[in-house]
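Residue 460 in this note's numbering sits at position 393 of the sequence shown; the count goes up by one each step and never skips.
Don't be surprised by glycine CBs; every beta carbon is placed ideally from N, CA and C.
Single-structure report; data block below.
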Amino acid sequence: TSTYSSPAKSLGDPGITPLSPSHIAKDSDADDAVEQLFLVVVAIDFGTTSSGYAYSFTKEPECIHVMRRWEGGDPGVSNQKTPTTILLTPERKFHSFGYAARDFYHDLDPTESKHWLYFEKFKMKLHTTSNLTMETDLTAANGKKVKALEIFAYALQFFKEQALKELSDQGGSDFENTEVRWVITVPAIWKQPAKQFMRQAAYKAGMASPENPEQLIIALEPEAASIYCRKLRLHQMIELSSRAPVNGYSPSDTIGTGFTQAKEHIRRNRQSRTFMVENVIGEIWSELEEGSDRYIVVDSGGGTVDITVHQIRLPEGHLKELYKATGGPYGSLGVDYEFEKLLCKIFGEDFIEQFKIKRPAAWVDLMIAFESRKRAAAPDRTNPLNITLPFSFIDYYKKFRGHSVEHALRKSNVDFVKWSSQGMLRMSPDAMNALFKPTIDQIIQHLSDVFDKPEVTNVKFLFLVGGFAESPLLQQAVQSAFGSRCRVIIPQDVGLTILKGAVLFGLDPAVIKVRRSPLTYGVGVLNRFVEGKHPPEKLLIKDGTRWCTDVFDKFISADQSVALGETVTRSYTPAKPSQLVIVINIYSSEQDNVSFITETGVKKCGTLRLDLTGTDASVPNRREIKTLMQFGDTEIKAMAIDVATSKSVKVGIDFLNY
Numbered sequence: 068t069s070t071y072s073s074p075a076k077s078l079g080d081p082g083i084t085p086l087s088p089s090h091i092a093k094d095s096d097a098d099d100a101v102e103q104l105f106l107v108v109v110a111i112d113f114g115t116t117s118s119g120y121a122y123s124f125t126k127e128p129e130c131i132h133v134m135r136r137w138e139g140g141d142p143g144v145s146n147q148k149t150p151t152t153i154l155l156t157p158e159r160k161f162h163s164f165g166y167a168a169r170d171f172y173h174d175l176d177p178t179e180s181k182h183w184l185y186f187e188k189f190k191m192k193l194h195t196t197s198n199l200t201m202e203t204d205l206t207a208a209n210g211k212k213v214k215a216l217e218i219f220a221y222a223l224q225f226f227k228e229q230a231l232k233e234l235s236d237q238g239g240s241d242f243e244n245t246e247v248r249w250v251i252t253v254p255a256i257w258k259q260p261a262k263q264f265m266r267q268a269a270y271k272a273g274m275a276s277p278e279n280p281e282q283l284i285i286a287l288e289p290e291a292a293s294i295y296c297r298k299l300r301l302h303q304m305i306e307l308s309s310r311a312p313v314n315g316y317s318p319s320d321t322i323g324t325g326f327t328q329a330k331e332h333i334r335r336n337r338q339s340r341t342f343m344v345e346n347v348i349g350e351i352w353s354e355l356e357e358g359s360d361r362y363i364v365v366d367s368g369g370g371t372v373d374i375t376v377h378q379i380r381l382p383e384g385h386l387k388e389l390y391k392a393t394g395g396p397y398g399s400l401g402v403d404y405e406f407e408k409l410l411c412k413i414f415g416e417d418f419i420e421q422f423k424i425k426r427p428a429a430w431v432d433l434m435i436a437f438e439s440r441k442r443a444a445a446p447d448r449t450n451p452l453n454i455t456l457p458f459s460f461i462d463y464y465k466k467f468r469g470h471s472v473e474h475a476l477r478k479s480n481v482d483f484v485k486w487s488s489q490g491m492l493r494m495s496p497d498a499m500n501a502l503f504k505p506t507i508d509q510i511i512q513h514l515s516d517v518f519d520k521p522e523v524t525n526v527k528f529l530f531l532v533g534g535f536a537e538s539p540l541l542q543q544a545v546q547s548a549f550g551s552r553c554r555v556i557i558p559q560d561v562g563l564t565i566l567k568g569a570v571l572f573g574l575d576p577a578v579i580k581v582r583r584s585p586l587t588y589g590v591g592v593l594n595r596f597v598e599g600k601h602p603p604e605k606l607l608i609k610d611g612t613r614w615c616t617d618v619f620d621k622f623i624s625a626d627q628s629v630a631l632g633e634t635v636t637r638s639y640t641p642a643k644p645s646q647l648v649i650v651i652n653i654y655s656s657e658q659d660n661v662s663f664i665t666e667t668g669v670k671k672c673g674t675l676r677l678d679l680t681g682t683d684a685s686v687p688n689r690r691e692i693k694t695l696m697q698f699g700d701t702e703i704k705a706m707a708i709d710v711a712t713s714k715s716v717k718v719g720i721d722f723l724n725y
């Protein structure tokens, strides 16, 4: 952790001190941004494993169009989205994205492919890097490093171009970027730097600009899901519970067949790619009582699981977040990782490591084969699952070890994985289920912790959304753990829930009314030194006045409710009346009660520098400096105003550059 030296001592300026009494004014109408008119809202669900976009024209908001079908596609995986994979040429220029990137990379000769830069599942890096900056690197499959910001910008630019092209083709005339409001979804549990990073990447991709930030909304994935779930009608979801038949299916077959029939129904409607959203609150919501009933959204994707607790505020059906988003890296990638561990156990870690480096394309193939079998895993499955091993795996293993793959399986004593004569790994259903267990156990454990929180009572529904929610194993685990406490509900096209909710959010960003602040924010100030209350090492004597330095003056605490657009105001005065340059440093912390800016975990995230030189000297001896912080979607803006002269300065809170 970084410790800042006392601002008063280091900057040679006496700093600021709160005007007593410290008051908070809430100006709801303070400089409301003029609403810009966009013709269309395009939402991008930039996922760990797969991504996609959807859009809606502002003049017909009840129609949500999901992007065109992608060329490519895998057996056993229904695709409305494309894999989040990107390929750069050996000269580090963008080449392709999605299936196109994967297939091109796959078809390259091994001697050539080692010069190309192929990235997959790179979004997790933003979650796992603790000190993310604009300079953070990503590592390609061949081990070379590229700036993460460039990769994210290339990916977003690809989606931007695809979407604009589709819109232009549809409308028959060129669509301009200025006519589009973009929405990008991110996990709610991401830290602020990662959310800001996404916005910077979008600016680099040309979707919006720092001068026009309103054109881009960063939406939180579970919030988007929540907005969509609100609109659900009974025929658009499947309830995993034994209370009543849903859609006319009896409970016992809901998990298996209900889902299959629902999928059939979606597949039939898939050709249209347009989803109608009725402008009502769905039937299910009419059962929620205002103020007392809560619902939990569990968004389980490829990389992370995000859990949020909401309640609905009628009559307009606004959402209120009740408990700050929690979760962790428990996405379906965990299952892939267990499969990789299993392969290491059978064939040796040294071989798997070498194989990934020497035959990266064949490794990608093997994981694609595993993906389609992973989707066939179900609680009641009895027949084995076969995974085809690429020829080069069998071949390379023989070269590497001097004996056959079959031999390795025989002597590995992993008894539930056999070799089938057709050149496949044959896994028993139990073996497959064992790969899911660690990840699913973590999700259930985390959910239990959330249910035990005092704020989380009266939960009526649990919505299971995100790509991983399609897994019958996860569905069954959630149902058996929590089915007695609430109704477990899955929207039919569960993999597209977030995408559609994000479009709805872009059409009406005001629908989310109250969020929980993820951090405590405040500014560094000087207070009059009080013997016995303040630590002696914080004493600073200036012009005969005894000050306590490094005091953290709180604006808002972690987990406090913040209405979107709400402004919190504090008034300060320069500790030395003649001072003309006033520097206000803004700090954040994950802790609730912070007293000093030097405490562990307190980070500087903004500076307001108000220069009052040249202003009229006849200023009152106690100059009032008003400081405002406005809490926006994922942006926080701060402003300082000199009340006497109306001189002001603004700054956006910045987590990447300090």
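Under a 10 Å Cβ-count criterion, Val-648 is classified as exposed, with fewer than 16 other Cβ atoms of the shown protein chains found around its own Cβ. Using a Cβ distance threshold of 8 Å, Val-372 and Arg-169 do not count as a contacting pair. Cys-411 and Ser-117 have their C-alpha atoms roughly 26 Å apart. In the three-state DSSP reduction, Trp-430 falls in the helix class (H, G or I). A straight-line Cα-Cα distance of about 44 Å links Arg-440 and Val-629. According to the DSSP assignment, Tyr-404 belongs to the alpha helix (DSSP H) that extends over 400-414.
Here DSSP, grouped into helix, strand and coil, assigns Pro-539 to helix. Nearest Cα to Phe-530 within the set Ile-507, His-513, Gln-559, Thr-524: Gln-559. Note on geometry: alpha-carbon atoms of Ala-429 and Ala-436 lie some 11 Å from one another.
Contact between Val-635 and Met-696 is confirmed by a C-beta separation of about 5 Å, below the 8 Å threshold. Counting only runs of 3+ residues, the beta strand (DSSP E) found wholly inside the stretch 616-662 occupies 628-630, 634-641, 648-656, in chain order.
Following the DSSP letters along the chain, one finds Gln-697 inside the beta strand (DSSP E) bounded by residues 692-698. Taking 8 Å as the cut-off, the beta carbon of Arg-637 is found no closer than this to the beta carbon of Phe-619.
Scanning the stretch 574-615 for uninterrupted alpha helix (DSSP H) segments of 4 residues or longer gives nothing; none is fully contained.
Bounds of the alpha helix (DSSP H) holding Leu-193 are 191-195. When the Cα atoms are used, Gly-368 and Pro-641 turn out to be separated by approximately 50 Å. Rounded to the nearest angstrom, the Cβ distance from Ala-220 to Lys-192 is 14 Å, too far for a contact under 8 Å. The Cβ atoms of Leu-631 and Ile-579 sit closer than 8 Å to each other. Residue pairing of Gln-378 in beta bridges, as defined by DSSP: Arg-361, Lys-387. Here Thr-564 is buried. Its C-beta has 16 or more other C-beta atoms within 10 Å. For Gly-668, the closest C-alpha among the options Glu-233, Gln-658, Trp-183 is that of Gln-658. In this structure, the straight-line span from the alpha carbon of Asn-724 to that of Ile-703 is close to 15 Å. Contact between the stretch 409-423 and the stretch 516-533 is absent: fewer than 3 CB-CB pairs across the two stretches fall below 8 Å. If you draw a 10 Å sphere on the C-beta of Glu-537, you find 16 or more other C-beta atoms in it, and that means buried. Residue range 496-518 is occupied by the alpha helix (DSSP H) that includes Val-517, with no beta strand (DSSP E) assigned at that position. Contact between the stretch 225-243 and the stretch 275-294 is absent: fewer than three C-beta pairs spanning the two stretches fall below 8 Å. For Gln-489, there are no CB contacts under 6 Å within the same chain when 5 residues up- and downstream are skipped.
Residue burial is scored here from C-beta neighbours: Asp-112 has at least 16 other C-beta atoms within 10 angstroms and is therefore classed as buried. If one requires a minimum length of 4 residues, the alpha helix (DSSP H) runs lying completely within the stretch 199-275 are 215-238, 259-271, in chain order. With respect to Leu-675, Lys-714 sits apart: the two C-beta atoms are not nearer than 8 Å.
Secondary-structure assignment with DSSP links Pro-446 through no beta bridge to anything. Nearest Cα to Glu-217 within the set Thr-196, Thr-195, Leu-433, Phe-189: Phe-189.
Per the Cβ contact rule, the stretch 416-426 is in contact with the stretch 452-465 (3 or more Cβ pairs under 8 Å). Taking a 10 Å sphere around the C-beta of Val-592, we find 16 or more other C-beta atoms and assign the residue as buried. Under the three-state reduction of DSSP output, Thr-455 falls in the strand class.
In the DSSP annotation of this structure, the continuous segment of the alpha helix (DSSP H) that includes His-474 starts and ends at 472-478.
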